[in-house]
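Since the structure comes first, as C-alpha cells, the remarks are kept for the end.
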Amino acid sequence: MSETIQGTSTCAPDTRPIHERANMSKSEWKQAIKFDSVDLGWIVMSIGMAIGAGIVFLPVQVGVMGLWVFLLSSIIGYPAMFLFQKLFINTL
Numbered sequence: 000m001s002e003t004i005q006g007t008s009t010c011a012p013d014t015r016p017i018h019e020r021a022n023m024s025k026s027e028w029k030q031a032i033k034f035d036s037v038d039l040g041w042i043v044m045s046i047g048m049a050i051g052a053g054i055v056f057l058p059v060q061v062g063v064m065g066l067w068v069f070l071l072s073s074i075i076g077y078p079a080m081f082l083f084q085k086l087f088i089n090t091l
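Residue numbers (numbering that gives the first Met the number 0): 0 to 91.
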C-alpha cells in the first residue's frame, strides 16, 4: 500500500492481449465486441436525446439571453458538439 501512495508501484502493466485478460478466446472476444442492433439503438437514442433537449431549451435560451448571445453560443458550441459526437462514434 505504501508503494502505491508514494508513486513507486511494483506491479508491471499487463501486456497480455486483451482477450486473454478477459479470459476469452479470440473468437469469443470478437463476438462479444461485435457492433449490433443494440449499439445502433444507443447511437440513435443519444442523438435523439441531444436533439430533443435542444428543441426543449432553445426557446428558453433565446428568450432569456437574447438572439445575439444565442447565435454566438451556437457558433462556438456546434463545432464542439460535432467533435464530441465524432469522437463518440469513433470509439464504438
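A virtual CB, placed ideally from N, CA and C, is assigned to each residue, including glycine.
Following the DSSP letters along the chain, one finds A21 in no alpha helix (DSSP H), marked with neither H nor E. Taking the C-beta atoms as reference points, F34 is found nearer than 8 Å to L91.
K33 sits in coil when the DSSP states are folded into three classes, being neither helix nor strand.
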